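Chains as they are written, first to last, in our numbering: chain W, 1 to 308; chain F, 1 to 316. Each remark here refers to the structure printed beneath this line.
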Amino acid sequence: MADVDSTFSIQEVVPYPPVTADLSHLDDWKPRTRPDFWVIFRHVVLALFAVVILFPIVWVLLLSVKSLPDAYKNDIWPKKFDFSHYGYSLQKIPTLPQNFFNSVMVTSATVVITTVCAVLAGYALVHLDFRGKAVAIGLLVASMFFPTRVTAIIAIYEIQNQLGLINKTWSLIMPYVALSIAISVFIMRGMFETVPRDIADAARIDGAGPMRTLVGVMLPMVANGVVVVVIVNFVAAWGEYLLANTLMNDQSARTLPVVLATASGGMGAWVWPRLAAVYVMAITPGLIAFAIAQRWYMKGLQEGALKA
Amino acid sequence: MAEAAAAGASAGTMARRRDWRERFPWGWLFLVPTFVFFVGWQLYPIIRVAWISFTDYEFLSPNKPVDFVGLRNFQEVLVDPLMRVGLLRAAGFTALFLPGMIFIPMFLAVMIDKIQNQKVATFYRLLLLIPSMIPGPLIFVLWKWMYDLYIGPINFFLVNQFHLFDLRSQPQWLGDPKLVFFALAIMEWWWGLGYHTMFYLAGLATIPKDLPDAARVDGANEWRLFWDVTFKRLLPIILVLVVLRFGTAMAVIDEYLIMGGFNRTRPTYTWTVYMWETAFVTPPRFQGYAAAIGWVGAIAMLIVVAILFRVFRSRD
């Protein structure tokens with residue numbers, strides 16, 4: 001009797017979490033004096049933020065599957081679901097497939113070009129010595145504090161106009177690369193700084209040229225940073241509005257965000273659920289890319305990309 | 001003997017080859033692709049706009065000779081009431097936008113950092129990052145619908161669900177000049193929340209875990225602990241974010257174009273919108289004058305950035 005009692009009370013009192021197979025969490029665990037209120041408070045606040053973050057996205061997703069009568073009542077949850085808006089908008093809104101293709105083409109080219117440039121430049125700025133390095137770094141840094149996108153747009157228009165590139169969708173690639181090149185180079189520079197100098201020296205002594213050192217030895221070590229650069233550039237190019245709106249006048253030459261921003265909802269083909277369906281199609285590629293790459297993206301952010 | 005000579009000769013050529021390889025400016029070669037785009041579509045346009053700002057260039061008058069007019073554009077811009085009000089409006093938005101963009105993510109990061117369960121912490125990080133995967137202009141489109149008076153869910157809740165307002169008194173988020181900056185700031189905070197939280201979490205990860213514990217043993221309470229240990233560690237990150245986001249907020253244009261239009265009496269008509277309208281909308285498109293607007297705005301911003309840098313540096 002006494003025995004049973006004491007065993008029982010020991011289990012109750014000893015301040016350790018139940019022992020499971022995985023003991024790693026014991027390292028993080030520390031005794032607290034009055035944990036309960038703050039732990040609950042923390043989780044309530046975080047859950048609230050989670051709802052705020054998710055709500056607009058869930059709302060637009062539900063709007064895109066509302067039947068037309070439901071669309072004029074504002075209830076969040078549709079009475080009748082209608083999944084036809086996706087197919088309808090792709091088939092019946094004349095320029096939409098073209099706009100979609102424009103966005104895909106411009107974005108993928110921008111991402112590939114910027115990433116290659118940034119890897120080469122980031123590597124050179126950290127692991128190669130050359131005269132004028134400080135000047136190159138200074139120019140790139142200074143450009144990040146200048147409101148180029150706004151101030152330079154008059155001259156960018158002039159350049160593209162003189163080259164006959166107005167309304168040629170692919171011509172957006174050049175200004176897009178230019179606008180995010182500085183930040184991309186600095187993300188890669190931060191990553192290459194985490195690679196020890198000894199490795200560069202060892203590769204050189206083995207007779208590897210700078211290119212072989214970069215591709216064969218270092219690239220795998222900065223792969224997470226490459227993921228960060230790819231994602232940053234994807235988001236920037238996929239959604240760019242100001243230049244795309246200024247340099248493209250034909251509806252068929254425009255990219256998806258410009259079409260969405262200028263479409264006025266509620267009328268004809270652009271009835272709200274269809275507009276929402278186009279919107280969901282516009283944000284899905286980014287979210288899928290994120291879902292696939294998030295592991296490396298988070299690692300990259302942690303390793304060096306945020307050491308701005 | 002012959003072998004040694006051959007070895008010596010090949011060592012000589014190898015040395016010469018290595019010499020050539022060592023002396024070649026590989027660094028610049030690696031920078032060529034970057035600088036083609038950087039110079040062609042960033043550096044050159046900035047300089048070119050500076051040149052245009054000294055001329056009376058009108059885009060829609062191709063036959064009119066372009067004349068050099070010296071500082072005339074700048075003299076006019078500096079006394080232009082629309083320019084002054086445009087800069088003040090941008091500054092007003094910045095003042096509203098910055099505190100929320102800096103401190104809400106910090107608050108959130110401190111809370112996430114305290115979560116013991118790694119899976120839960122990762123879950124919150126991923127969830128908060130979702131908006132940052134949606135490009136800005138698409139965020140603005142989404143929130144334009146959120147604030148919409150007919151279809152928007154925000155006023156649906158306020159009017160139909162909670163009955164806080166009726167249809168006449170409901171807040172006109174984007175229409176009311178008093179509300180529009182606030183509405184835009186909420187949208188920006190929503191968008192930037194996760195991304196900025198990541199900056200702070202990266203900073204918090206550098207705090208050794210035994211440092212707060214040691215302070216606790218010494219009897220420091222959580223509040224003192226936050227200011228003395230955590231906040232001090234985060235200060236460099238805060239300063240970087242202040243400078244970066246100041247630049248973003250002062251040069252905002254897409255939001256204003258998508259949500260505000262070209263009504264000159266509205267708060268969203270800032271110097272950026274004024275410049276764009278002058279250059280691309282209103283005939284005959286005084287691009288010389290617009291270029292001067294752009295440069296004056298940029299210089300005003302750079303002066304503040306320089307001051308910020310000075311102030312922050314003197315703190316270290």
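Cβ coordinates follow ideal geometry from the N, Cα and C atoms, glycine included. Since the model is a prediction, treat every value here as computed from it, not as a measurement.
In the DSSP assignment, the residues bridged to E58 of chain F are F:F286. Just so you know, the alpha carbons of G132 of chain W and V39 of chain W end up roughly 54 Å apart.
Between S89 of chain W and V258 of chain W, the beta carbon gap of about 16 Å keeps them out of contact (Cβ cut-off 8 Å). For chain W, the residues of the region 49-80 of chain F that bring a beta carbon within less than 7 Å of one of its beta carbons are V49 and I52, in chain order. When DSSP states are grouped into helix, strand and coil, W77 of chain W belongs to the coil group. A direct Cα-Cα distance of roughly 12 Å separates Y147 of chain F from D176 of chain F.
Residue state for F280 of chain F is assigned as helix, using DSSP reduced to three classes. Bounds of any alpha helix (DSSP H) do not take in D228 of chain F, whose DSSP letter is neither H nor E.
Taking CB atoms only, T94 of chain F has no neighbour in chain W less than 8 Å away.
W223 of chain F has its alpha-carbon roughly 14 Å from the corresponding atom of D213 of chain F. Separation of the CB atoms of V305 of chain F and V243 of chain F is rounded to 6 Å, and the pair is thereby assigned contact status at 8 Å. Sorting W:I137, W:V235 and W:V222 by C-alpha distance to the C-alpha of M188 of chain W places W:V222 at the top. Rounded to the nearest whole angstrom, the C-alpha separation of Q294 of chain W and M133 of chain F is 11 Å.
Among the residues of chain W, those whose CB is under 8 Å from the CB of D254 of chain F are Y241 and L242, following chain order. Flagged as an interface residue toward chain F: L46 of chain W, by a C-beta distance shorter than 8 Å.
Selection W:I93, W:A152, W:I166 and W:F145 evaluated against W270 of chain W yields W:I93 as nearest (Cα-Cα).
Y124 of chain F has its alpha-carbon roughly 34 Å from the corresponding atom of S143 of chain W. As the crow flies, the alpha-carbon of Y150 of chain F is around 13 Å from that of L174 of chain F.
Within the region 145-208 of chain W, the alpha helix (DSSP H) runs of at least 4 residues that lie entirely inside it are, in chain order, 148-151, 153-162, 173-192 and 197-205.
In this structure, the CA atom of F199 of chain F is about 11 Å from the CA atom of I102 of chain F.
Of the other Cβ atoms in all chains shown, fewer than 16 fall within 10 Å of the Cβ of V32 of chain F; this residue is therefore exposed. One Cα belongs to I112 of chain F, the other to F49 of chain W, and the distance between them is close to 12 Å. Residues of the region 23-38 of chain F with a Cβ closer than 7 Å to any Cβ of chain W, in chain order: P25, W26, G27, W28, F30, L31, P33, T34, F37 and F38.
Taking 8 Å as the threshold, the shortest C-beta distance from E158 of chain W to chain F falls below it.
Taking a 10 Å sphere around the C-beta of L46 of chain W, we find 16 or more other C-beta atoms and assign the residue as buried. The CB of R125 of chain F comes closer than 8 Å to the CB of M298 in chain W, given here in chain order. For L164 of chain F, no CB of chain W lies under 8 Å from its own CB, so it is not counted at the interface with that chain. By the CB criterion at 8 Å, P273 of chain W and A71 of chain W fall inside the cutoff. Under the Cβ distance rule, Q42 of chain F counts among the residues neighbouring chain W, one pair being separated by less than 8 Å. F165 of chain F sits in coil when the DSSP states are folded into three classes, being neither helix nor strand.
Between F286 of chain F and E76 of chain F the beta-carbon gap is near 10 Å, outside 8 Å, which marks them as no contact. Listed along chain F are T34, F37 and F38, each with a C-beta nearer than 7 Å to that of I181 of chain W. In the three-state DSSP reduction, K92 of chain W falls in the helix class (H, G or I).
In the DSSP annotation of this structure, the continuous segment of the alpha helix (DSSP H) that includes A276 of chain W starts and ends at W272 to G300. The C-alpha of I104 of chain F is placed about 29 Å away from the C-alpha of V226 of chain W. Just measuring C-alpha positions, the residue of W:T262, W:T151 and W:F41 sitting nearest S53 of chain F is W:T151.
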